[in-house]
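Below you'll find the structure, written out as structure tokens, and then a few comments.
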Amino acid sequence: MTLIELVQAEAQRLKEAGVSFGHGTTNAFDEAAWLVLWALGLPLEALEPNAQKTLGDEQLAKARALVTERIETRRPAAYLTREAWLQNVPFYVDERVIVPRSFIAELLADGEQEGTLDAWLSDRTQRVLDLCTGNGSLAVIAALAYPEVTVDAADISDDALAVARINVDRHRLGARITLLKSDLLDGVRGPYDLIVCNPPYVNAQSMAALPPEYRAEPALALAGGTDGMDLVRRILRDAPARMSPEAVLVLEIGHERSNFERAFPRAEVAWLPTSAGDDQVLLMTRDALQRL
0 MTLIELVQAE
10 AQRLKEAGVS
20 FGHGTTNAFD
30 EAAWLVLWAL
40 GLPLEALEPN
50 AQKTLGDEQL
60 AKARALVTER
70 IETRRPAAYL
80 TREAWLQNVP
90 FYVDERVIVP
100 RSFIAELLAD
110 GEQEGTLDAW
120 LSDRTQRVLD
130 LCTGNGSLAV
140 IAALAYPEVT
150 VDAADISDDA
160 LAVARINVDR
170 HRLGARITLL
180 KSDLLDGVRG
190 PYDLIVCNPP
200 YVNAQSMAAL
210 PPEYRAEPAL
220 ALAGGTDGMD
230 LVRRILRDAP
240 ARMSPEAVLV
250 LEIGHERSNF
260 ERAFPRAEVA
270 WLPTSAGDDQ
280 VLLMTRDALQ
290 RL
């Protein structure tokens, strides 16, 4: 059996098993390719040049065993491989954190494109806060995208901060990224010129309906209360006191736009375009936050 034939066969197994995607891949073929290549010790880009390579029995067994584990445990693939990628940047992950998938990463990495984040920043943007940092991925991507800034990465979870430390050290950014334990904004000082935040925002009804792959992640990092806005209310209330006069807050709310607009009917927001559409990530200036 060739490599491409194995990937296709394992993709069919994943599809028939009814596993859920969304933790780095969106379909069975990509998930199978990730798992098969990782099991064989090959990088993700190795599929095309090695597609017709014939595999031995030991290789086949190893790859099939990993896919079987994915099906039987319903754990996200990133927990099995201990690695996730965001904007082509590799990150260590394990069950102490959710698998990184924030659309804010696109805005940080592609900031120079017209209409995205750079339009709201200036050469005075020096201090950045990654609030609810999780595994530290947004802090790392911000530091890589803007070499002149320093970043505070804050989270309430000691486990999350331990994983974030692994990733900060992995990318050799310890001199520019400071990890802080903080209950939202209570333990940070500022003033910050940019705050990015992918907070827990899943509403209670959606939490109850999550597939097993999402229930394998820490509920602390997902659950946002009845309407998903419990933590968002605190963030919007407390953010202005931690922001410089020209600062902006970039907040991801996923599929909760309707709940956000019901909770904050007077909010003056800019919706930022991402690959998931223009209703997943919003931006608010300090002045707009003070007018709430």
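Numbering-wise, the sequence shown is residues 0 to 291 according to numbering that gives the first Met the number 0.
A virtual CB, placed ideally from N, CA and C, is assigned to each residue, including glycine.
Small disclaimer: the values here were computed from a predicted structure and weren't measured.
Item                                                                                                                                                                               : Value
Report all residues from its chain with a CB closer than 8 Å to the CB of Ile70; omit the five preceding and five following residues, and keep chain order.                        : Arg12, Leu13, Ala16, Val18
Just the C-alpha distance for Ala220 and Asp237, rounded to the nearest angstrom, thanks.                                                                                          : 19 Å
Drop a sphere of 10 angstroms on the beta-carbon of Gln204, count the other beta-carbons inside from all chains shown, and report buried for 16 or more, exposed for fewer.        : exposed
Name, in chain order, the residues that DSSP records as bridge partners for Lys180.                                                                                                : Asp154
Is it buried or exposed for Arg81, if we count other Cβ within 10 angstroms and need 16 for buried?                                                                                : exposed
Below 6 Å CB to CB, which residues in the same chain sit around Glu111 once its five sequence neighbours on both sides are set aside?                                              : Reliability of the predicted coordinates at Glu111 is poor, the pLDDT of 46 falling under 50, and the value obtained from them is presented with this limitation in mind. The answer, listed in chain order, is Asp117.
What distance in whole Å lies between the Cβ atoms of Val66 and Glu9, which are believed to be in contact at a cut-off of 8 Å?                                                     : 5 Å
Does Arg290 pass the burial test, meaning 16 or more other C-beta atoms within 10 Å, or should it be called exposed?                                                               : exposed
If you drop the 5 nearest sequence neighbours on each side, which residues of the same chain put their C-beta closer than 6 Å to that of Val195?                                   : Ile103, Asp129, Leu137, Val249
Report the rounded CA-to-CA distance for Asp277 versus Leu43, giving the unit in angstroms.                                                                                        : 29 Å
Under the three-state reduction of DSSP, which class applies to Arg169: helix, strand or coil?                                                                                     : helix
Would Glu68 and Leu79 be called neighbours here (beta carbons separated by less than 8 Å)?                                                                                         : yes
Which word fits Ala50, buried or exposed, when buried means at least 16 other C-beta atoms lie within 10 angstroms of its C-beta?                                                  : exposed
How many Å lie between Ala83 and Ile234 at the Cα?                                                                                                                                 : 27 Å
Would you call the CB atoms of Val127 and Val167 closer than 8 Å?                                                                                                                  : no
Does DSSP put Gln112 in a helix, in a strand, or in coil?                                                                                                                          : For Gln112, the predicted structure reports a pLDDT of 48, less than 50, and the residue's modelled location is therefore unreliable. The matter cannot be settled from this model.
Tell me whether Arg285 is buried or exposed, calling it buried when 16 or more other Cβ atoms sit within 10 Å of its Cβ.                                                           : buried
What are the boundary residues of the alpha helix (DSSP H) that includes Tyr213?                                                                                                   : 211 to 214
For the region 25 to 53, which segments carrying the beta strand (DSSP E) assignment without a break, of at least 3 residues, lie completely within its bounds, in sequence order? : none
Is the beta carbon of Val148 less than 8 Å from the beta carbon of Ala159?                                                                                                         : no
Any chance the region 255 to 269 sits against the region 216 to 232, with 3 or more Cβ pairs inside 8 Å?                                                                           : yes
How far does the alpha helix (DSSP H) with Leu128 in it reach, from first residue to last?                                                                                         : No alpha helix (DSSP H) contains Leu128, which is instead part of the beta strand (DSSP E) from 126 to 130.
Roughly how far, in whole angstroms, is the beta-carbon of Val92 from the beta-carbon of Ala77, given that I think they are within contact range, below 8 Å?                       : 5 Å
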